[in-house]
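Chains as they are written, first to last, in the working numbering: chain A, 16 to 323; chain B, 5 to 679; chain C, 504 to 628.
Just so you know, even glycine gets a beta-carbon here, dropped at the ideal spot from N, CA and C.
Worksheet for the structure shown next.
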Amino acid sequence: MAETVIETDGLTKFFGGRCVVDELDLSIERGSIFGFLGRNGAGKSTTIRLLLGLLEPTRGSSRMLGTDSRALAPRDRARIGYLPEGHHVYGWMSVEECGRFQRSFYRHWNDDIFRAVLSHFRLDRRNKSGNLSRGQRAGLCLAMVLAPEPELLVLDDPALGLDPVARRSLIQSMLFVTRKADRTILFSSHMLSDVERVADEIAVLDCGTLRAHCRLETFRRQVRQITLRHRGGTLELPALPGLLQTFRSEGEVSLTVANLDPASEEALRALPGVSFEEEPMGLEEAFIGYVGERGEKSFFTTDLKGIK
Amino acid sequence: MKALFWKETRENLKWALLAAAGITAAMFYALRSSPNEFQYGRETWQTLCSPPFLLISSFGFPAVALALGFLQILTELRRDQWAFLVHRPVTRNAIFWGKAFPGAALYLFAVLVPLFGVGYWVSLPGSVAAPFDWRLVQAPLWDAIAALAFYFAALQSGVMSGPWFGRRLLPLVAVCFGAVAIKISWQFPAAVTGALTVLVLSLFSAWAAFLSNGSFRNAPAWGKAAMTFLGLFGVGVLSGWLVAGWQLAFPRPPYTGKDVRITKSGQPVMVTQEGQWMKKVVTFDGAEIHPENKGAFSWEDFLRGSYLPLRQERTGSEWRSARTYFMPVQNNYALPVFWYFVNDRALFARYGQISKRLEGWLGPSGMTESPVPPAAGFDLRPNTNFYGIDALLVCKDSIWRPELNRSEVSKIYSVPEGEKLLGAQAVYEPDRGDDRRFDFALATDRTVEVRAFDGVPIFSIPQISNLGDYSQVELFRMPDRSRYFLLYIGRYDLDPRPPSVLVESSAAGDVAKKTPVPSDPGQPWKWDLQTVWNASTKPFGQTLWEQALGRLYSACGVQKWMPIWKHKEPWRTRTLQFWGLSLLFGMVCAGVGQVLFKRLAIGGRPRWIWTVFLLFYNGAGLLVLACLHEWPRKKRCANCGGRRSVERSVCGCCGASWPPRQPDGTEISELSKPG
Amino acid sequence: MRLSISTNTGEPIFRQIVGQVSRMVYRGQLRVGDELSSVRVLAEELGVNPNTVARAYQELVQGGLLESRPGRGFFVGERRNTFSDEERARRLDAAVESFLQEAAFLGTPASEIKAALNSKLKSTL
């Protein structure tokens with residue numbers, strides 16, 4: 016029975032009158048790599064700050080490693096590595112000094128990891144951290160976060176603003192930490208390819224509400240794209256629960272649908288004069304279909320007609 | 005912690021050095037001395053207490069403290085950097101002290117190093133043509149200590165979340181109290197109490213703000229108390245500013261008072277003044293008189309008197325003035341020297357204008373042309389300083405006339421055996437011009453006399469019999485020297501106050517007439533709206549605090565204070581009525597507070613504490629609570645239609661929980677929560 | 504052993520690994536007895552979740568392509584069938600059916616289908 020390391024219970028946060036995180040119920044088990052997805056402003060960073068006790072929840076609660084987020088003691092924080100968005104370092108410190116500064120806060124510090132991550136990102140320890148590139152800065156921050164060998168790693172959009180090489184290095188460094196099976200990673204990202212590569216489980220946050228909380232495979236399986244080809248006219252569709260988007264073009268209706276039940280699938284297949292085809296979907300398209308605008312669209316026939 | 009100290013020092017040292025350089029430059033600019041800068045407003049002879057220098061310490065130091073505080077906290081507060089810092093496994097305590105300790109040290113470094121550096125420079129012979137006393141550093145030093153509160157306020161203001169006007173601006177406003185107290189409090193203990201109270205409150209508020217992550221509600225109890233009381237000071241400062249602004253917009257009618265004067269023709273009159281305007285002049289019989297050829301009387305129409313004190317009034321010394329230690333006695337700017345009277349030594353000191361160095365000392369035994377002071381100074385009466393107005397030096401039993409142009413001093417009067425010298429002052433003569441050989445008046449416990457400049461007696465009259473009833477006597481002489489008037493002023497501290505008496509005498513010293521001065525009933529006291537408003541809005545807690553401080557000061561012998569039951573009627577009743585009004589308003593506020601508590605979800609013991617607090621700090625307390633406390637957002641309840649707090653999972657009025665989200669069939673969830 | 508993973512395609516990563524390893528075995532780039540990179544190493548090299556690699560290896564073991572020697576790692580195994588003949592026939596039949604359906608929708612003549620199938624067979628297997 017896997018232990019739950021992150022757990023939230025009706026976690027809610029208001030900024031003024033705006034609800035940013037709405038009744039969030041999450042649970043993340045030890046050892047998993049958890050991808051936290053959502054559009055900009057969906058509430059990912061706020062949720063992470065709530066989890067780490069850096070923000071006060073409006074109502075509800077959350078627990079990290081069994082401790083209430085609001086009561087995380089330094090002892091608990093030492094077990095949780097946190098890489099905030101933006102990769103801030105004190106620009107006047109050298110890479111070496113950044114390490115020494117960070118090290119002074121931790122009882123446990125694995126300098127080999129620190130060095131390894133630095134060299135992975137090709138960082139010179141004598142360099143001023145203010146002169147580093149965005150990717151190198153991310154590497155430095157990651158080295159600082161990984162060296163204390165945290166049990167739980169929380170990364171807030173670590174790939175933001177990184178080039179593909181740096182992103183790959185980042186993923187490799189992340190995987191490096193999970194060598195021990197009891198390490199857990201929670202990371203938020205817009206980079207669906209990164210998520211696809213490393214995540215076991217994902218949560219999709221949309222406008223503060225949790226829409227999906229499942230294994231990555233399940234998500235890919237449940238979000239499906241179906242193309243119905245027909246001859247002329249308008250195709251009348253049966254009511255579909257879980258319908259996300261409908262694209263209509265000449266002689267073709269493309270549906271993005273979540274949780275398509277067998278009965279509805281049968282109904283679609285049985286439509287007269289229509290060929291039923293399912294196209295495999297990449298994670299990115301599945302995600303766009305899932306959190307993108309709902310409803311019926313017909314790009315090429317109406318929207319762009321007026322444009323010359 | 006050591007790493008934090010190192011980081012903060014490294015990060016902010018450059019700012020501190022910059023501030024120190026700026027402060028030093030400003031100080032030297034303020035002290036740039038030119039030989040005749042004796043006019044009011046410059047007075048560079050006061051060096052560390054000169055107005056321009058104190059301008060730097062009372063405005064520049066807070067500015068430095070604010071700047072350093074904000075630089076330290078705002079650069080860190082970019083959200084993620086702050087999150088990164090506070091997530092590190094250290095306590096909030098360590099983060100606060102890791103910032104505040106090096107920050108405060110850097111601020112003190114930035115202001116104290118220049119201050120003591122400049123002080124040392126001034127103390128060097130040849131820097132400034134004036135005496136120097138290290139006690140002069142007190143005034144700017146206390147400014148520096150008081151301004152430290154601005155540093156803590158900046159930290160608090162940076163860290164606090166929420167509406168800027170309440171939680172962010174109020175501490176900044178509040179700490180002005182300390183700086184203002186130090187600047188305007190004439191009495192040292194009051195000044196220091198005010199400044200230190202605010203400093204301690206600001207330190208604890210900032211500390212608590214760090215501990216609670218910028219929230220008031222989550223602050224520890226002591227932190228809430230500190231923030232609240234600091235807020236009260238803020239409200240105090242704000243109301244002070246409001247009153248000042250109000251008075252600027254609607255100036256009060258000028259001061260009205262009644263005064264006894266004697267016309268040039270020898271007619272004693274009562275003059276009703278309104279500001280500078282002599283509104284009404286009546287004789288003692290009540291007949292109004294008017295001047296010839298002009299609309300109103302002016303000062304030239306009356307004789308000018310010489311004030312002779314009859315009682316030794318203990319006067320506090322002005323702690324922010326160099327006059328407490330030495331006093332310029334310049335009388336001839338043409339000479340290349342400056343003269344000072346140095347109070348501790350009771351000697352005159354001469355400084356060269358060009359060399360700016362001490363040239364010699366003038367004492368009872370004459371001039372010593374050496375920087376080494378003679379052992380014996382003038383035998384001054386205790387608690388008196390030489391104020392140099394007439395260049396008459398009144399000692400315990402003698403009067404001296406310094407003639408500084410010739411570096412000489414001569415004794416012009418010795419009190420006879422068995423008499424006590426009470427005071428002396430020059431007799432004003434309009435046509436005296438620049439001639440320093442003037443007559444002077446003196447009072448002993450036996451006689452009041454007028455003598456010529458060399459001490460030859462001109463006029464003498466026996467002292468009034470009931471001398472103990474009067475605080476001072478004012479001597480007037482008719483321009484033709486035919487008659488003298490002595491106005492004995494009844495003591496204010498006696499009850500009932502003895503009436504003042506005007507004694508008229510011939511030149512030979514025979515009493516011609518002794519007239520009691522008609523007493524001035526003053527404005528009749530009445531209740532009006534403003535009085536009621538002032539009395540009720542003054543928090544009773546403040547009254548208690550003032551009483552306690554008064555008691556403390558009187559125990560230390562600094563100030564007079566009487567418990568309320570020893571006050572005289574009708575003042576006692578009136579004071580008690582004021583207190584009653586204040587408490588009554590307190591009760592109203594405590595009642596209003598109950599509604600607020602419900603809204604702010606304050607219950608249980610805190611509710612009782614806040615109620616008592618509101619009783620003592622009525623309107624101001626209510627304002628502070630409303631400003632500081634987090635107001636929970638309300639939403640309409642879907643069940644009962646009432647407004648419910650978003651912070652609670654059940655509705656306050658109907659107990660319904662929040663409506664569950666309607667699933668739309670697109671939810672994908674396979675990980676059900678255990679339990 | 505050089506694998507390349509492309510994300511954002513319809514094909515899950517573990518399928519890509521399975522496919523690429525099988526192709527390498529069929530082409531002889533991997534021989535019987537060759538040791539494969541460990542799950543950990545391959546995961547870090549490719550930058551993918553180790554569980555994904557493990558799952559792919561598991562699939563390959565089940566398919567009879569690899570064999571796992573506990574404590575030592577994964578090796579290319581002797582070819583053996585883990586599916587029964589009927590099962591294999593059924594799976595092939597389903598694959599051919601769906602392939603032919605698609606071809607029929609495109610309106611391809613039988614000769615073209617045969618030619619395409621033959622050329623594909625030559626190049627991949």
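For a contact meaning CB atoms closer than 9 Å, what does residue i contact in chain A?
{"i": "residue 217 of chain B", "result": "68, 69, 70, 71"}
{"i": "residue 6 of chain B", "result": "119"}
At a CB-CB cut-off below 7 Å, which residues of chain A make contact with residue i?
{"i": "residue 512 of chain C", "result": "297"}
Any beta-carbon of chain A closer than 7 Å to the one on residue i?
{"i": "residue 60 of chain B", "result": "no"}
{"i": "residue 521 of chain C", "result": "no"}
{"i": "residue 532 of chain B", "result": "no"}
{"i": "residue 669 of chain B", "result": "yes"}
{"i": "residue 142 of chain B", "result": "no"}
{"i": "residue 169 of chain B", "result": "no"}
Going along chain A, which residues have a C-beta under 8 Å from residue i?
{"i": "residue 515 of chain C", "result": "232, 235"}
{"i": "residue 553 of chain C", "result": "190, 193"}
{"i": "residue 608 of chain C", "result": "290"}
Run through DSSP, which three-state label would residue i get?
{"i": "residue 316 of chain A", "result": "The predicted position of residue 316 of chain A is uncertain, since its pLDDT is 48 and thus under 50; no value can be drawn from it."}
{"i": "residue 186 of chain B", "result": "helix"}
{"i": "residue 425 of chain B", "result": "strand"}
{"i": "residue 466 of chain B", "result": "strand"}
{"i": "residue 232 of chain B", "result": "helix"}
{"i": "residue 508 of chain C", "result": "coil"}
{"i": "residue 306 of chain A", "result": "helix"}
{"i": "residue 22 of chain A", "result": "strand"}
{"i": "residue 416 of chain B", "result": "strand"}
{"i": "residue 516 of chain C", "result": "helix"}
{"i": "residue 432 of chain B", "result": "coil"}
{"i": "residue 82 of chain B", "result": "coil"}
{"i": "residue 277 of chain B", "result": "strand"}
What does residue i reach in chain B if we use C-beta pairs closer than 9 Å?
{"i": "residue 224 of chain A", "result": "665"}
Report the neighbours of residue i on chain B: residues whose CB is nearer than 7 Å to its CB, in chain order.
{"i": "residue 229 of chain A", "result": "672, 673, 674, 675"}
{"i": "residue 155 of chain A", "result": "What residue 155 of chain A touches in chain B: nothing, since even the nearest Cβ is about 12 Å away."}
{"i": "residue 259 of chain A", "result": "670"}
Strictly below 9 Å CB to CB, what residues from chain C border residue i?
{"i": "residue 191 of chain A", "result": "547"}
Using 8 Å for Cβ pairs, my map puts residue i next to residue j. What's the rounded Cβ distance?
{"i": "residue 642 of chain B", "j": "residue 664 of chain B", "result": "Between residue 664 of chain B and residue 642 of chain B the Cβ distance is about 11 Å, and since that is not below 8 Å, they are no contact."}
{"i": "residue 384 of chain B", "j": "residue 365 of chain B", "result": "At roughly 15 Å, the Cβ-Cβ gap does not stay under 8 Å, so residue 384 of chain B and residue 365 of chain B are not in contact."}
{"i": "residue 178 of chain A", "j": "residue 203 of chain A", "result": "Not a contact, Cβ separation roughly 19 Å."}
Cβ of residue i less than 7 Å from any chain B Cβ?
{"i": "residue 47 of chain A", "result": "no"}
{"i": "residue 103 of chain A", "result": "yes"}
{"i": "residue 74 of chain A", "result": "yes"}
Nearest chain C C-beta to residue i closer than 7 Å, yes or no?
{"i": "residue 112 of chain A", "result": "no"}
{"i": "residue 215 of chain A", "result": "yes"}
{"i": "residue 251 of chain A", "result": "no"}
{"i": "residue 18 of chain A", "result": "no"}
{"i": "residue 284 of chain A", "result": "no"}
{"i": "residue 198 of chain A", "result": "no"}
So is the beta-carbon of residue i under 6 Å away from any non-hydrogen atom of the ligand ZN?
{"i": "residue 357 of chain B", "result": "Looking for the ligand ZN in the displayed structure turns up nothing, as the structure carries no ligands at all."}
Find the residues of chain C that neighbour residue i, judging by a C-beta separation of less than 7 Å, and give them in chain order.
{"i": "residue 208 of chain A", "result": "510, 511"}
{"i": "residue 186 of chain A", "result": "550"}
Give me the chain B residues within the contact set of residue i, using Cβ-Cβ distance strictly less than 8 Å, ordered along the chain.
{"i": "residue 93 of chain A", "result": "93"}
{"i": "residue 25 of chain A", "result": "653"}
Residues of chain C with a CB under 8 Å from the CB of residue i: which are they?
{"i": "residue 211 of chain A", "result": "510, 511, 516"}
*Jot down the residue ranges of each uninterrupted alpha helix (DSSP H) in the region 564 to 640 of chain B, minimum 4 residues, whole runs only, in chain order.*
575 to 604, 608 to 632
*Unbroken stretches of the alpha helix (DSSP H), 4 residues or longer, contained in the region 181 to 267 of chain A*: 207 to 213, 231 to 237
*In chain order, which alpha helix (DSSP H) runs of at least 4 residues are fully inside the region 533 to 607 of chain C?*
542 to 549, 553 to 565
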